[in-house]
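Here the structure is laid out as structure tokens; the discussion comes afterwards.
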Ligand SMILES: NC(=O)c1ccc[n+]([C@@H]2O[C@H](COP(=O)([O-])OP(=O)(O)OC[C@H]3O[C@@H](n4cnc5c(N)ncnc54)[C@H](O)[C@@H]3O)[C@@H](O)[C@H]2O)c1
Ligand SMILES: [Fe+2]
């Protein structure tokens, strides 16, 4: 659940009303195919459903690596034509979506297939939604801006982080203002997605680490959200456990199918959790580091996460302690304060073990006030965080980040 407009911090009654609305809005679930070769089974499903010409949305790196080839081959064998659109860039902007939309219309494609990380998936989601609604991608920014269902969408994630294959959101950047815009609509959820560890084996270590921390952050922000429920806790708790157990292994040995599959699930669980709870200040600040300084999304989360955990410690200590116990990091004998410590220590230990350079190049203290304002604009009244921060709190976090 995301909201795109800056509004003052909400009252408890407003938050309670919002919580009820979120609970009542049904979230569709894609048909999830799991395991090795599931990407090929997804291609077969597209053919079974009778689609004739599919727009394949991906990026140039993946195309050149041949990551998309087996899927294209299987589609063609099954009689489905593919039109490849590979101009997606990290943190895609409106122009990327517009160009893809143009190609879709030129070739009268009847379905869209995203093969890629969150950038390709988000671009594909908005292309599919704009295609049927006769709207520009800019028109779709905000909540529930589309009236018609999207063109049928299928997804094969090649990273294990965003969980975008299951979320009701897509993030599209404005190339001029460098603002990340959120399109929020349950109609963005794909018809089906394949979580295939085989397609992730070539993911570089740094991308594996960055994206894995994105999944962890989704789960942690969801767990401590005021909107968390027993249902979202199943997903966020399981996601955290999987990341703690498998992310280092996936980085050390990219060919480890078990670790790759577990991380794909962790990302998916994170997506399911944030669909109902939304995010928090780690993302609110990380989004600014992404748009202003080009820091990859997961890496930006890795930079901010430990500091926001410390900031939230006081007001979310019991929640953090419960998560530490759920992850077997602490026992019932531990006081909440000790259990929360253990959770934070585990996150820091994981971050230290991963190949993530936690530096923001080009950041200067003269930028802090603007970054804090933009972060507050995203978070306030939007995310059900345990405590609303003020400008001074965020500037302090930025000081620590830029000094480390
Ligand atoms: N919609 C959502 O719910 C949601 C949630 C979180 C983040 N996001 C958005 O997702 C985007 C980030 O996505 P991402 O972190 O998955 O990264 P990405 O899609 O930008 O990919 C990062 C890089 O890794 C490469 N890559 C991806 N998979 C690979 C593989 N298997 N082998 C080799 N190289 C590979 C890509 O070519 C690219 O250069 C951001 O724009 C972020 O805002 C969306
Ligand atoms: Fe994220």
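Residue numbers (our numbering): 473 to 876.
Think of the CB as a built atom: it goes at the ideal place given N, C-alpha and C, for glycine as much as any other residue.
Can we count residue 650 as close to ligand 2, meaning its CB is less than 7 angstroms from some heavy atom?
No, the beta carbon of residue 650 sits no closer than 7 angstroms to any heavy atom of ligand 2.
Any heavy atom of ligand 1 closer than 7 angstroms to the CB of residue 795?
Here the distance from the Cβ of residue 795 to the nearest heavy atom of ligand 1 is not below 7 angstroms.
Looking only at its own chain, which residues have a Cβ that is under 6 angstroms from the Cβ of residue 761, when we skip the five neighbours before and after it?
Counting only Cβ-Cβ distances below 6 angstroms, and skipping sequence neighbours, we find 767, 772 and 832.
Looking at the structure shown, is residue 716 part of a helix, part of a strand, or coil, going by DSSP?
It is helical.
For ligand 2, I want to know if residue 854 counts as a neighbour, meaning its beta carbon is within less than 7 angstroms of at least one of the ligand's heavy atoms.
Every heavy atom of ligand 2 is 7 angstroms or more from the Cβ of residue 854, so no.
Could you tell me whether any non-hydrogen atom of ligand 2 is closer than 7 angstroms to the CB of residue 686?
Correct: residue 686 has its Cβ closer than 7 angstroms to ligand 2.
Return the residue from the list 826, 582, 610 and 591 that minimises the CA-CA distance to residue 604.
Between residue 604 and the set 826, 582, 610 and 591, the nearest pair of CA atoms involves 582.
For residue 775, the nearest candidate out of 715, 574, 736 and 830 (CA to CA):
Measuring from the Cα of residue 775, the nearest candidate turns out to be 830.
Beta carbon of residue 612, beta carbon of residue 618: below 8 angstroms?
Yes, the pair counts as a contact, with Cβ atoms nearer than the cut-off.
Inter-residue Cα distance where the pair is residue 738 and residue 633:
For the pair residue 738 and residue 633, the Cα-to-Cα distance works out to about 8 angstroms.
Is it right to say residue 535 is buried, meaning 16 or more other beta carbons lie within 10 angstroms of its own, or is it exposed?
Around the beta carbon of residue 535, 16 or more other beta carbons lie within 10 angstroms, which makes this residue buried.
Near residue 490, what residues of its chain come up, given a Cβ to Cβ distance below 6 angstroms and the 5 sequence neighbours on each side ignored?
Answer for residue 490: no residue qualifies.
Give, in chain order, every unbroken run of the beta strand (DSSP E) that is at least 3 residues long and sits entirely within the region 530 to 614.
Listed in chain order, they are 553 to 557 and 583 to 588.
Note down, in chain order, each residue of its chain lying with its Cβ closer than 8 angstroms to the Cβ of residue 598, except the 5 sequence neighbours on either side.
Same-chain partners within the cutoff: 569, 609, 612, 642, 644, 655 and 660.
In angstroms with no decimal places, state the Cα-to-Cα distance between residue 691 and residue 590.
Taking the straight line joining both Cα atoms gives about 16 angstroms.
Cβ-Cβ distance between residue 851 and residue 867 below 8 angstroms
The Cβ atoms of residue 851 and residue 867 do not sit closer than 8 angstroms to each other.
Span of the beta strand (DSSP E) holding residue 887?
Coverage of the chain is limited to positions 473 through 876, which leaves residue 887 absent and any answer about it impossible.
Rounded separation between residue 847 and residue 731 - CA only:
Answer to the nearest angstrom: the Cα atoms are 34 angstroms apart.
Got a sec, what are the start and stop residues for the alpha helix (DSSP H) residue 748 sits in?
In this chain, the alpha helix (DSSP H) harbouring residue 748 covers 729 to 749.
By the three-class DSSP mapping on this structure, what secondary structure does residue 652 have?
Reduced to three states, the DSSP call for residue 652 is strand.
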